[in-house]
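Below is one structure; the comments refer to it alone.
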Amino acid sequence: MPKEEITLISKIINCDFYRIKKSKLFYGAIILSGLVALSLMLLNRQDIRLGISIFGNLTTFISSEDVINLGVTYQKGLGLIIAIVISVFIGQEYQWNTWQYKWLISKTRIGMYLSKALLSAIISTVIFLLFELTALLFSGQFTYLLENGFTQKLICGAFIYAALGSVLCMISVLIKNSTASIIVSLGYVLCDEMIMSVMQNITRVFPAAKQIISIWSNHTIYGMSVSLCNSPASSNIIMSTLVTSICISFLAILIGIWRFRKYEL
Numbered sequence: 003m004p005k006e007e008i009t010l011i012s013k014i015i016n017c018d019f020y021r022i023k024k025s026k027l028f029y030g031a032i033i034l035s036g037l038v039a040l041s042l043m044l045l046n047r048q049d050i051r052l053g054i055s056i057f058g059n060l061t062t063f064i065s066s067e068d069v070i071n072l073g074v075t076y077q078k079g080l081g082l083i084i085a086i087v088i089s090v091f092i093g094q095e096y097q098w099n100t101w102q103y104k105w106l107i108s109k110t111r112i113g114m115y116l117s118k119a120l121l122s123a124i125i126s127t128v129i130f131l132l133f134e135l136t137a138l139l140f141s142g143q144f145t146y147l148l149e150n151g152f153t154q155k156l157i158c159g160a161f162i163y164a165a166l167g168s169v170l171c172m173i174s175v176l177i178k179n180s181t182a183s184i185i186v187s188l189g190y191v192l193c194d195e196m197i198m199s200v201m202q203n204i205t206r207v208f209p210a211a212k213q214i215i216s217i218w219s220n221h222t223i224y225g226m227s228v229s230l231c232n233s234p235a236s237s238n239i240i241m242s243t244l245v246t247s248i249c250i251s252f253l254a255i256l257i258g259i260w261r262f263r264k265y266e267l
């Protein structure tokens, strides 16, 4: 890649980072996620039990590990916050017609998209890490959690959320209407579990498809988050999560760039 193009891409990235640093929505999302983690942990330490129901599936918080797992299972809260932040942030480019300005000064749509993908992955990961670290600090079980796989969950979760950010970036860039992109992004986050249930029902009707669907489900963002919550963080799960997350991010970026280059800005 020519040096001039790298310089232009770095300027676009700096411009996007400047925008997000001035975004009240981003800071609001950070504060909200931190407060949720803090509140759940403090209530848990007082033996006050709460539950969250998504599409009829009730999740109760009995221990500090349940709060930690809430962060990993993005469809039960954090993913919704992240979907709104990314959709609004990218949607403003269409709303304010700033894509044209960036295109005029850079002439590189690849750089424009890569900047958004990078920033989306960072936004997603930062919100997740803040939630998990806040939960850890106020759990009252700092040493216990660290000795029971918290670090491994944190690393794997960061990769899962980076992949989630990349997919949400692709959705938000390819849907020009800001409101529509928010709805579709929220639908993607919320419906993952429903789609997985449908796929499992299919295996009951067509047993021959069980192996294929099992492999597919274990290599989706939702499937990885469920495995991370329900199984000990073994070396196989960690490696599979890291590799699959990177592949999903790479594929989402390739599809996003391919479609974005054909768009009329």
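Read in order, the letters of the sequence shown correspond to residues 3 to 267 in my numbering.
Cβ coordinates follow ideal geometry from the N, Cα and C atoms, glycine included.
Small disclaimer: the values here were computed from a predicted structure and weren't measured.
CA-to-CA, the gap between T181 and F262 works out to about 19 Å. Sequence-distant Cβ neighbours of S229 in its own chain, meaning closer than 7 Å and more than five residues away, are N220, I239.
Excluding the 5 residues flanking it on each side, S12 has no same chain C-beta neighbour closer than 6 Å. Closest by C-alpha distance to E67, out of M226, L147, C193, is L147. Burial state of M241 is exposed, judged by a 10 Å Cβ sphere holding fewer than 16 other Cβ atoms. Per DSSP, the continuous alpha helix (DSSP H) segment holding I83 begins and ends at 80-97. Closest by C-alpha distance to S187, out of G258, V90, A119, is V90.
Of all C-beta pairs linking the region 98-107 to the region 194-210, fewer than three are shorter than 8 Å, placing the two stretches out of contact. The alpha carbon of V169 has as its nearest neighbour, out of F208, S126, Y265, A31, the alpha carbon of S126. Comparing C-alpha distances from S117 to each of F208, R47, V175, I184 shows the shortest one belongs to V175. Distance from the CA of L72 to the CA of K24, rounded to the nearest whole angstrom, comes to 28 Å. The shortest CA-to-CA distance from C193 to any of Q77, F28, L40, I22 is the one to Q77. When the beta-carbon positions are compared, C231 and V87 stay at least 7 Å from each other. If you ignore the 5 residues before and after F152, its C-beta comes within less than 7 Å of the C-beta of I70, L138, all in its own chain and listed in chain order. Contact between F140 and S35 is ruled out by a C-beta separation of about 13 Å, above the 8 Å threshold. Apart from sequence neighbours up to five positions away, no residue of its chain approaches N179 with a beta-carbon distance below 6 Å. By the Cβ neighbour-count rule, S236 is exposed, with fewer than 16 other Cβ atoms within 10 Å of its own.
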